[in-house]
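Asks:
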Amino acid sequence: MKKIISLIKACMTSDMSLFKIKNNNQSKRSRVLLPIFLFIMVFFSIWSYANMIIEPLTKIHLEYVLLSIFVLFTFILTLVEGIYKSSNLLFNCKDDNLLLSLPIKRRTVLFIRVFKFYVFELIYNTMFMAPAMITYIRYVKVTPSYYPVSIIMLLLLPIIPIVLSIIIGMLLSATSTKFKYKNIAQIILTTIILLFVFYISFNLENVVKDLALKATSINDLITRLYYPAGAYVKMITNFDILDLLLFIIINISLFALSIYLLGNTYFKVNSCAKAVKTNHNHHNNYKIKTNKVIPSLIKKEFTKFISSPVFVTNAGFGLVLFVLGCIILPIKFESLTTAIATIEPSVSIETIKSNIPVILFGLICTSSLLSSITSSMISLEYKSFNILKSLPVKPYTIILSKIYTAVIIMLPFILIGDIITFINFKFTFIQIVLIIISSIIIPLVAETLGIIINIKYPKMDAENDTQVVKQSMSSMVAVMLGMLLTFITIYSLAICLNNNMNIDLIILLGLIVYTLIYIILLIYLNNKSIKEFNLINC
Amino acid sequence: MIEIKNVTKKYGDNVALNNVSFKVDDGCVFAFIGHNGAGKTTLIKAITGIHDFDEGDILINGKSIKKDAIECKKEMAFVPDNPELYENMKAIDFINFICDMYEVDYVTRKNNINKYAKMFEMEDHLNETIDSFSHGMKQKIALISALSHNPQILIMDEPFVGLDPKAVFDIKQVMNEMVKEGKTIFFSTHILDVAEKLCSKVAIIKQGRLVKVGTMKEIKGDKSLEKVFLELEQ
Numbered sequence: 001m002k003k004i005i006s007l008i009k010a011c012m013t014s015d016m017s018l019f020k021i022k023n024n025n026q027s028k029r030s031r032v033l034l035p036i037f038l039f040i041m042v043f044f045s046i047w048s049y050a051n052m053i054i055e056p057l058t059k060i061h062l063e064y065v066l067l068s069i070f071v072l073f074t075f076i077l078t079l080v081e082g083i084y085k086s087s088n089l090l091f092n093c094k095d096d097n098l099l100l101s102l103p104i105k106r107r108t109v110l111f112i113r114v115f116k117f118y119v120f121e122l123i124y125n126t127m128f129m130a131p132a133m134i135t136y137i138r139y140v141k142v143t144p145s146y147y148p149v150s151i152i153m154l155l156l157l158p159i160i161p162i163v164l165s166i167i168i169g170m171l172l173s174a175t176s177t178k179f180k181y182k183n184i185a186q187i188i189l190t191t192i193i194l195l196f197v198f199y200i201s202f203n204l205e206n207v208v209k210d211l212a213l214k215a216t217s218i219n220d221l222i223t224r225l226y227y228p229a230g231a232y233v234k235m236i237t238n239f240d241i242l243d244l245l246l247f248i249i250i251n252i253s254l255f256a257l258s259i260y261l262l263g264n265t266y267f268k269v270n271s272c273a274k275a276v277k278t279n280h281n282h283h284n285n286y287k288i289k290t291n292k293v294i295p296s297l298i299k300k301e302f303t304k305f306i307s308s309p310v311f312v313t314n315a316g317f318g319l320v321l322f323v324l325g326c327i328i329l330p331i332k333f334e335s336l337t338t339a340i341a342t343i344e345p346s347v348s349i350e351t352i353k354s355n356i357p358v359i360l361f362g363l364i365c366t367s368s369l370l371s372s373i374t375s376s377m378i379s380l381e382y383k384s385f386n387i388l389k390s391l392p393v394k395p396y397t398i399i400l401s402k403i404y405t406a407v408i409i410m411l412p413f414i415l416i417g418d419i420i421t422f423i424n425f426k427f428t429f430i431q432i433v434l435i436i437i438s439s440i441i442i443p444l445v446a447e448t449l450g451i452i453i454n455i456k457y458p459k460m461d462a463e464n465d466t467q468v469v470k471q472s473m474s475s476m477v478a479v480m481l482g483m484l485l486t487f488i489t490i491y492s493l494a495i496c497l498n499n500n501m502n503i504d505l506i507i508l509l510g511l512i513v514y515t516l517i518y519i520i521l522l523i524y525l526n527n528k529s530i531k532e533f534n535l536i537n538c
Numbered sequence: 539m540i541e542i543k544n545v546t547k548k549y550g551d552n553v554a555l556n557n558v559s560f561k562v563d564d565g566c567v568f569a570f571i572g573h574n575g576a577g578k579t580t581l582i583k584a585i586t587g588i589h590d591f592d593e594g595d596i597l598i599n600g601k602s603i604k605k606d607a608i609e610c611k612k613e614m615a616f617v618p619d620n621p622e623l624y625e626n627m628k629a630i631d632f633i634n635f636i637c638d639m640y641e642v643d644y645v646t647r648k649n650n651i652n653k654y655a656k657m658f659e660m661e662d663h664l665n666e667t668i669d670s671f672s673h674g675m676k677q678k679i680a681l682i683s684a685l686s687h688n689p690q691i692l693i694m695d696e697p698f699v700g701l702d703p704k705a706v707f708d709i710k711q712v713m714n715e716m717v718k719e720g721k722t723i724f725f726s727t728h729i730l731d732v733a734e735k736l737c738s739k740v741a742i743i744k745q746g747r748l749v750k751v752g753t754m755k756e757i758k759g760d761k762s763l764e765k766v767f768l769e770l771e772q
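Just so you know, the protein sequences line up as chains G and C, in that order. Under this note's numbering, the first residue of the first sequence is numbered 1, with each subsequent residue one higher. Under this note's numbering, the first residue of the second sequence is numbered 539, with each subsequent residue one higher.
#1: Output the distance between the C-alpha atoms of LYS773/C and LEU319/G, rounded to the nearest integer angstrom.
#2: What does VAL293/G reach in chain C if we use C-beta pairs closer than 8 angstroms?
#3: Run the CB neighbour count on LEU589/C, radius 10 Å, all protein chains shown included, and call it buried at 16 or more, exposed below.
#4: With 8 angstroms set as the bound, which would you pick, yes or no: does the beta-carbon of ILE507/G sit closer than that to a beta-carbon of chain C?
#5: For TYR404/G, would you say it is in contact with chain C, using Cβ-to-Cβ distances shorter than 8 angstroms as the test?
#6: Might you give, ordered along the chain, the residues of its own chain that have their beta carbon closer than 8 angstroms to the beta carbon of ASP243/G, omitting 5 neighbours on each side?
#7: Under 8 angstroms, do THR421/G and LYS402/G count as touching if we go by C-beta distance?
#8: Does ASP796/C come out as helix, strand or coil in the three-state DSSP assignment?
#9: Quick check: what's the CA-CA separation for LYS750/C versus PHE267/G?
#10: Might you give, ordered along the chain, the residues of its own chain that have their beta carbon closer than 6 angstroms to the beta carbon of LYS543/C, omitting 5 neighbours on each side?
#11: Beta-carbon separation of VAL323/G and PHE413/G under 8 angstroms?
#12: At a CB-CB cut-off below 8 angstroms, which residues of chain C make contact with THR303/G?
#13: So PHE635/C contacts chain G; which residues on that side make the cut at Cβ distance below 7 angstroms?
#14: Give a yes or no on whether the minimum CB-CB distance between HIS589/C and chain G is below 8 angstroms.
#15: Given GLY565/C, which residues of its chain have a CB within under 6 angstroms of its CB, disregarding the five upstream and five downstream residues?
#16: Are the beta-carbon atoms of LEU525/G and ILE452/G separated by less than 8 angstroms?
#17: Can you pull out the residues from the segment 587-613 of chain C whose beta carbon lies closer than 7 angstroms to at least one beta carbon of chain G?
#18: Between PRO228/G, LEU449/G, VAL433/G, which has its C-alpha nearest LEU522/G's C-alpha?
#19: Go to ASN544/C, then tell me how far its beta strand (DSSP E) extends in each direction, as first and last residue.
#20: Let me know the secondary structure DSSP gives LEU493/G once reduced to three states.
#21: Select from TRP47/G, ASN498/G, VAL71/G, LEU89/G the residue whose C-alpha is nearest the C-alpha of ALA273/G.
#22: Which partner residues does SER726/C have in the DSSP bridge list?
#23: Can you confirm whether the segment 124-134 of chain G touches the segment 75-94 of chain G when touching is taken to mean that 3 or more C-beta pairs between the two stretches lie within less than 8 angstroms?
#24: The alpha helix (DSSP H) that contains ILE328/G, what's its start and end?
#25: Which value, in whole angstroms, describes the spacing of the CA atoms of GLU532/G and THR143/G?
#26: Assign PHE361/G to one of three DSSP states: helix, strand, or coil.
#27: Answer yes or no: do MET41/G and MET476/G have a C-beta to C-beta separation smaller than 8 angstroms?
#28: Under DSSP, the beta strand (DSSP E) around MET614/C begins and ends at which residues?
#29: Can you check which of these residues, LEU154/G, LEU33/G, SER173/G, ILE259/G, is closest to ILE248/G by C-alpha distance?
#30: Use the C-beta contact count for LYS300/G: other C-beta atoms within 10 angstroms, 16 or more gives buried, fewer gives exposed.
#31: Say whether chain G places a C-beta atom closer than 8 angstroms to the C-beta of LYS718/C.
#32: Let me know the secondary structure DSSP gives LEU748/C once reduced to three states.
#33: Go ahead and pull the three-state DSSP assignment for ALA733/C.
#34: For ASN574/C, would you say it is in contact with chain G, using Cβ-to-Cβ distances shorter than 8 angstroms as the test?
#35: Quick one: measure Cβ to Cβ for ASN626/C and THR265/G, integer angstroms, because I've assumed they're closer than 8 angstroms.
#36: Given a cut-off of 8 angstroms on the beta-carbon distance, is the pair PHE767/C and ILE729/C in contact?
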């Protein structure tokens, strides 16, 4: 046991450096203030959202449904995150050689990896669940048992999605190692599974209908849908120590059993994942090519991008959803407009149709701002950043090449979505031109913002790509700021639409605002970020 | 020529380089020796423009690395101690990438790549991705890419670590060739007998301060370099 505790302590020291900012000139105050500000922002947003949900539920005395919704949402979120994080967090870690050479069981190594995974998911889950749990206390007079039950619930909630995602992660890694281009295979397989999970999540309506026929009560329905959600509701409404014990035993046994069973397979898959297929049949067959500086830098960035499955999945998923959204929008348009008309009878189908260009503008903003690629690009240089800094190339050129690469990656997805929407709905020539310009300017804003954030919060000592892409300060700040900008944009667009402003004028105004933001960001980049770039040490 | 003028570099309260000054002439093989953590890599990173420094200046062929970093970097090539190259790239793509950054024309790069790939016995491996390479092979790729743009000044951080004897011999040959052409070589090392045999000048650094600098003869006199170094460390 002592050994395991020492191991966890040693491994977590490097991993828990979530807020470690490697920049000597960064003031201590901003290091502390930013995470607090972000936490308050997320907490407050979720808390407001929870209040919005619970209010109508109070009228029908079904407040506990709020908690089951949040348990279910957290489960889906952890599972989706876990699927594309697990392969990277479990396999090919930098400390593999050290851990596997120690006189400890292979299962212990897997346990350490999964435990680290658990701790991070626990933090994320708490960020979502705690506001809902607090909101519940505001509306319902809870019994004293509510508090220990909720704490135990928080601690055990990540287990089921983690166990599922490590099984899927192992299967993905084991399958992809059989392919010549295992990274590409892993990206494709992960995307398929994620889309499948999303498909199921969006089609829960049918599952719920089916379960509702068999369920004896709402709580029974929730339990049938997802056991922890039902168990939690049962424990807080009608506490029984046996239910609590059963819940604890089920979760811990599941965790222990999965570690026990997957221990040996883990070692085999890890060995295969490390194996690099080399080709010795290219004697003197190498190609010497010349290229200009920026295209060569873009090529280098692109090679890095496609070689990292977690990077591709993280960046590409929002973009794929954007294209799917553009495909689904005309198909589901009628049912969507009927639903809107039910809530707001004054809105006609024609009005919604004429608002489509503004909706598309909003979708472009959302998908671009929430798919920041550049917010990881500096950190993903790791120690090779020194090579880049020793080259006779201006930092501004290096930074621009990263922004251009990200925009080149995003642009095809956005343009495909645009074209699909142009074909299915009526757009004037001016609207088409404005949307296409927006499809270039908005990703430029998102990616310039991303690189500025990454230069401000670099993490050059990460253990693997997942730490950079999912668990670094830079990626968190980029997502939060992206969410904030998206929220402001959508809110502003809604106000303009409510005031019956001209559609073309709304898009034009949006475009002007984003162009101004882009210019401001470029000025900032040129003046401040370059200096910060030169100060990054690794 | 490299001129280091009163360079001071601090990491918070820790002074990594304390008022370091010396000159490395053209056609000179210059060894930079010191204990682990003495400040060797910090100085090398300052010379190559990877790190900024707090005081002083570094001139590369008369140009300041602070004021004219790009022009200075064009004169130099840098081989890091632990070659963290772009692992996902093919070796040839990495070398091409470095050549692109130095704007090396096709003929020059072709001649140099072929010459050094053959010398370091890496011809068969240039089409492989770098992540499949051993430490020594990565070091060779770093060397080939550094030499492929005909640098005036070659800067290496611990260049002999992890290399096989044949590669060490080849590097020494390359160094001799470069010196004959009037080029400058500056490297840090722990291997004192190699430094003793190869270098015309040497500098010893201790806790960020330069404790000795001069020709090999001036530094060691009748003693061995190892003995002088150990005496200074005590």
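By construction, the Cβ of each residue, glycine as well, lies at the ideal position given by its N, Cα and C atoms. Predicted model only: the values in this text are computed from it and were never measured.
Replies: Quick answer:
#1: Shown here, chain C extends from 539 to 772; a query on residue 773/C therefore has no answer.
#2: ASP638, MET639, GLU641, listed in chain order.
#3: The residue asked about is misnamed: residue 589/C is His in this sequence, not Leu. Label assigned to HIS589/C: buried.
#4: ILE507/G has a beta carbon lying at 8 angstroms or more from every beta carbon in chain C.
#5: No, no contact with chain C.
#6: ALA231, LYS234, MET235
#7: no
#8: The shown model of chain C, from 539 to 772, leaves out residue 796/C, and the question about it has no answer.
#9: 52 angstroms
#10: SER559, GLY594, ASP595
#11: In contact: VAL323/G and PHE413/G (Cβ atoms closer than 8 angstroms).
#12: TYR624, ASN626, MET627, ASP631
#13: SER296, LYS300
#14: yes
#15: VAL717, GLY720
#16: yes
#17: GLY587, ILE588, HIS589, ASP590, ILE608, LYS611, LYS612
#18: LEU449/G
#19: 540-549
#20: helix
#21: Residue LEU89/G holds the alpha-carbon nearest to the alpha-carbon of ALA273/G among TRP47/G, ASN498/G, VAL71/G, LEU89/G.
#22: PHE570/C, ASP695/C
#23: yes
#24: 309-331
#25: 53 angstroms
#26: helix
#27: Between MET41/G and MET476/G, the C-beta spacing is not below 8 angstroms.
#28: MET614/C -> beta strand (DSSP E) spans 614-617.
#29: LEU154/G
#30: buried
#31: No, because no Cβ of chain G sits closer than 8 angstroms to the Cβ of LYS718/C.
#32: strand
#33: Here DSSP, grouped into helix, strand and coil, assigns ALA733/C to helix.
#34: no
#35: Not a contact, Cβ separation roughly 27 angstroms.
#36: no
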